[in-house]
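For reference, the structure discussed in these notes is given below.
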């Protein structure tokens, strides 16, 4: 693990030190992450990232082909721990209630900033920035495929079945919002989640 | 109905004509609406609105105390027709399936731009702009109270019951997203909605 400061100019404004490609990429992602938490995802542009990282736009483009690629890399990094924990929770069995309790537990353990980022990407990004609708649809397909594989052992299901799974995932996101706003307790959220899954997983 | 152009400067850049307060307010909301559809809700600021409307910021502040007040007025205007149609649909009876079919029909009839705006406000705004979380919570309470009154005849329910109703509303929003993305048909959406409501309205 290389320690990298958010701005790598010297105190006298001297040029940025040389970084290996892998370290530069990591630095850019760290700066991008800080921008998103501070100013919202929408504030993240290639130019703004270049400015905040103290590098040229050209250098940013050497690491990320476009904003889409940058967003994907950022999400992959920010949700990596969550996705691993969720995979472990999903794989440990298929018994309805236990599975759910584990999934809700994993959700509760995720850092609030990361939950907020995931909610916005899946629930708000395409509506706020229609140009990114394609990215949202791709991510939705990936997440749904993952759940379908665990829950049904196949991704070859009807569109209605796919919609059911996505509604369950969105119900989890909705309950996170209510929990974060202090409008529902974790046990209540689990109870509502159980009701939703019960209905939606038995056509 | 007064006809108002989006920019009311004369072709020579002459000062804006005098408008009655009610007409000025309406003009500002029309310009704000156009900004939101073109650039996203986040692009809407008091300064940007003043610039686009060709008036001073001071004049904008005479009509709207702050961005919160402007957003509320804009949402009230943009969702007025939808809310009226939904109220009529909700009032016509309580039989589960018929009610649902009417609600889904009202949803399908809403202009895509308005659906997108509502989805973003309820699902993305607070995550993208945490400062507006209070506004989102207020709107959520109002909408949930309206549904609770129709469905249960009272708003004095447990937090879990309130969460159930909100999850049903969010399920409708989720299915709109899938429909708009061409991932699910209207009949499939209705079927999934039925399953969700069936489970969530019978604790």
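Protein chains in written order, with my numbering: chain A, 136 to 338; chain B, 136 to 338. We put the beta carbon where it would ideally sit given N, CA and C, even for glycine.
Reduced DSSP secondary structure (H/G/I, E/B, other) of residue i
i                     : result
residue 105 (chain B) : Given that chain B is displayed from residue 136 to residue 338, the structure contains no residue 105 (chain B) and the question cannot be resolved.
residue 318 (chain B) : coil
residue 265 (chain B) : helix
residue 214 (chain B) : helix
residue 246 (chain A) : coil
residue 313 (chain B) : helix
residue 333 (chain A) : helix
residue 224 (chain A) : helix
residue 259 (chain A) : helix
residue 289 (chain B) : coil
residue 153 (chain A) : coil
residue 283 (chain A) : helix
residue 273 (chain A) : helix
residue 302 (chain B) : helix
residue 190 (chain A) : coil
residue 179 (chain A) : coil
CB contact check: residue i to chain B, cutoff 8 angstroms
i                     : result
residue 292 (chain A) : no
residue 306 (chain A) : yes
Per-residue contacts from residue i into chain A (C-beta, under 7 angstroms)
i                     : result
residue 264 (chain B) : 175
Check whether residue i and residue j have beta carbons under 8 angstroms apart
i                     : j                     : result
residue 185 (chain B) : residue 195 (chain B) : yes
residue 301 (chain A) : residue 250 (chain A) : no
residue 236 (chain B) : residue 327 (chain A) : no
residue 204 (chain A) : residue 319 (chain B) : no
residue 223 (chain B) : residue 198 (chain B) : no
residue 325 (chain A) : residue 285 (chain A) : no
residue 267 (chain B) : residue 261 (chain B) : yes
residue 168 (chain A) : residue 213 (chain A) : yes
residue 242 (chain A) : residue 307 (chain A) : yes
residue 275 (chain A) : residue 257 (chain A) : yes
residue 331 (chain B) : residue 292 (chain B) : no
residue 369 (chain A) : residue 200 (chain A) : With chain A represented from 136 up to 338, any question about residue 369 (chain A) goes unanswered, as that position is not in the structure.
residue 221 (chain B) : residue 202 (chain B) : no
residue 270 (chain A) : residue 206 (chain A) : yes
residue 178 (chain B) : residue 170 (chain B) : yes
Neighbouring residues, chain B, relative to residue i (Cβ below 8 angstroms)
i                     : result
residue 301 (chain A) : 309 and 313
residue 239 (chain A) : The contacting residues do not exist; residue 239 (chain A) stays about 13 angstroms from chain B at best.
Minimum Cβ-Cβ distance from residue i to chain A less than 8 angstroms
i                     : result
residue 324 (chain B) : yes
residue 236 (chain B) : no
residue 167 (chain B) : no
residue 180 (chain B) : no
residue 153 (chain B) : no
residue 331 (chain B) : yes
Chain C contact for residue i (CB, 8 angstroms cutoff)
i                     : result
residue 259 (chain B) : Given the protein chain composition of this structure (A and B), no chain C is represented.
Residue i beta carbon near the ligand GDP (any heavy atom closer than 7 angstroms)
i                     : result
residue 156 (chain A) : Inclusion of the ligand GDP in the displayed structure is not the case, the ligand content being empty and no account of it being possible.
Chain A residues whose Cβ lies nearer than 8 angstroms to that of residue i
i                     : result
residue 327 (chain B) : 295, 298, 299, 302 and 335
Taking a Cβ distance cut-off of 8 angstroms, strictly less, list which residues of the region 309–320 of chain B are near chain A, in chain order.
Among the residues of the region 309–320 of chain B, those with a Cβ less than 8 angstroms away from any Cβ of chain A are 309, 310, 312, 313, 316, 318, 319 and 320, in the order of the chain.
Pull out every residue of the region 241–262 of chain B whose Cβ sits closer than 8 angstroms to any Cβ of chain A, in chain order.
Answer set for the region 241–262 of chain B: 251, 252, 254, 255, 258, 259, 260, 261 and 262.
Residues of the region 271–292 of chain A whose Cβ lies closer than 7 angstroms to any Cβ of chain B, in chain order
272
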